Amino acid sequence: RIHHYNNSMQTAPSSRLPAAIVVVATSRRYLGSGGGARGARGHGWWVNFRAGKGGRHLQGEYSHLDVEALQAWNDAVFSLGSQMAYLDVRSEPVAIEDGDGSGVGDDVPVYRLKLELATAVLPKATENFIKLIQAEPGIGYSSSTLHRVEKKVGLMGGLVWRPENEPKANPNAVVPVGKCHPDLTMPTSFTNMDVSSEHMVLSHVPGVLTMLSPRVHEIDSRFLLCSHHAPHLDGKSLAIGRLADEDSFEILQQWESSLITAKGRPTNVTLRIAQCGMLDDEETSNSNSTITAAPSPTDGNKMTES
5 RIHHYNNSMQ
15 TAPSSRLPAA
25 IVVVATSRRY
35 LGSGGGARGA
45 RGHGWWVNFR
55 AGKGGRHLQG
65 EYSHLDVEAL
75 QAWNDAVFSL
85 GSQMAYLDVR
95 SEPVAIEDGD
105 GSGVGDDVPV
115 YRLKLELATA
125 VLPKATENFI
135 KLIQAEPGIG
145 YSSSTLHRVE
155 KKVGLMGGLV
165 WRPENEPKAN
175 PNAVVPVGKC
185 HPDLTMPTSF
195 TNMDVSSEHM
205 VLSHVPGVLT
215 MLSPRVHEID
225 SRFLLCSHHA
235 PHLDGKSLAI
245 GRLADEDSFE
255 ILQQWESSLI
265 TAKGRPTNVT
275 LRIAQCGMLD
285 DEETSNSNST
295 ITAAPSPTDG
305 NKMTES
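Per the working numbering, the sequence shown runs over residues 5 to 310.
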C-alpha cells in the first residue's frame, strides 16, 4: 500500500525536497498462522484442528463442555433406577440373500451389546424400547440391522417395519422404516409415539443410546449408539440409555472405525440383531449365562451360543 505525501498543501519553503514517497508495509495472515480473525472460518479453527481439538463443530459452542462432568451427571440419572437389556448382533457376509438372515450358518460371529436403560427418569421412552426388544420380528428389533454408520458419531439401527402395501417378491427391495410399538402409537400418527412428558436429561457422551426424533416430542423405533461425544444431539434427540460395559463399547468403536461404507451404509458385512431381550440380576452379574462375550470383534474371540 503506497501513500503519496502531497507538499502542495503545506507552506514549506521552496528549498524543500520533492514529494516523498512513503511505503507502508501491511501484515498478511496465512491459514493456520494462529490467533486473530479468520472471517467465515472462525478464530483459528485450523490451528485447533491440528492440535487435536476436533473439527469446527467441536471448537465453537461445544468447546467448553467437560465430558467427564457430563458422564458424572449421566451416572446420577442412572442411579435413580435402571434396567439391563442386550442386543446379540451377528456379523453376516453381504453375499447372504435372505432378508431376515435365516440362511446364515453357525460359523458367523455374534457379539453381545449390553445396555442400561434409564427407566426411572424416562419411563415412556424406555417402555417403547423394551417392548420393541421383546416383540417378534417385523414389529421389534429382532432380525433388524444396524443399517448406517455415522463416522465420528456412532451406529444407527431400528428400521423394524416394512409397509404392507409394498411388493414382497424380493424382501431386500422393500425399504423398512421406523415405527414405535403398536401399543404406543399416537392417534395422529401411524409410526410415532408422544414423548412430550419426557425430559432430555442425558447428555450424548460416548456410549449413550439415543432415540431419533422424526418430529418434536415424538420418537419411533430408530436409535443411535454413540461411539463419540455428540453434543450437537443434546436437546434434539432423546437419550434413554447407554452401553453397560467396556467390552460393548470397544465393539461399537471397532465397528464405527473399521466398517467399509458407501453413503453411510456398510458394504462388507451386515450387522443383524439375531436376538435381543432383557437381563435379570443374575444374568447382569454373569454375562456367560447365555453366550460368551468377546472383548473385540477383530481378535477372533467371538461369541458362541451355549
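For glycine and all other residues, C-beta sits at the position ideal for the given N, C-alpha and C.
All of these numbers come straight from a predicted model, not from anything done at the bench.
Self-check item: Whole-number beta carbon distance between Ile244 and Leu213, since they are thought to touch under 8 Å
Solution: 6 Å
Exercise. Label Arg336 either buried or exposed according to how many other C-beta atoms from any shown protein chain fall within 10 Å of its C-beta, with 16 as the threshold for buried.
Key: Within the shown structure, residues of the chain are numbered from 5 to 310, placing residue 336 beyond reach of any answer.
Quiz item: Looking only at its own chain, which residues have a Cβ that is under 7 Å from the Cβ of Lys156, when we skip the five neighbours before and after it?
Solution: His232
Quiz item: Where do the ends of the beta strand (DSSP E) carrying Leu117 lie?
Solution: Val114 to Leu121
Quiz item: The alpha helix (DSSP H) with Thr189 in it runs from where to where?
Solution: No alpha helix (DSSP H) contains Thr189, which DSSP labels as neither H nor E.
Quiz item: Using 8 Å as the Cβ pair cut-off and three pairs as the minimum, do the segment 75 to 94 and the segment 115 to 126 touch?
Solution: yes
Quiz item: Would you call Arg94 buried or exposed, if buried means 16 or more other Cβ atoms sit within 10 Å of its Cβ?
Solution: buried
Quiz prompt | Inter-stretch contact at 8 Å, needing at least 3 Cβ pairs: the segment 221 to 239 / the segment 193 to 213 | solution = yes
Quiz item: Which of the three DSSP states, helix, strand or coil, is assigned to Gly260?
Solution: For the sequence presented, residue 260 should be read as Glu rather than Gly. Here Glu260 sits in helix by DSSP.
Quiz item: Is it right to say Met190 is buried, meaning 16 or more other beta carbons lie within 10 angstroms of its own, or is it exposed?
Solution: exposed
Quiz item: On the three-state DSSP scale, how would you describe Ser95?
Solution: strand
Quiz item: Identify the residues that DSSP records as bridge partners of Tyr90: which are they?
Solution: Lys118 and Gly281
Quiz item: Quick one, which of Trp165, Asp224 and Tyr66 has its alpha-carbon nearest Glu131's?
Solution: Asp224
Quiz prompt | Exposure of His68, with buried meaning 16 or more beta-carbon neighbours within 10 Å | solution = exposed
Quiz item: Excluding five sequence neighbours on each side, which residues of the same chain lie with their C-beta closer than 8 Å to the C-beta of Cys184?
Solution: Asn132, Leu136, Thr195, Asn196, Met197, Ile223, Asp224 and Ser225
Quiz item: When the Cα atoms are used, what is the spatial distance from Phe53 to Ile143?
Solution: 44 Å
Exercise. Please report how far the alpha carbon of Thr265 lies from the alpha carbon of Thr271, in whole angstroms.
Key: 5 Å
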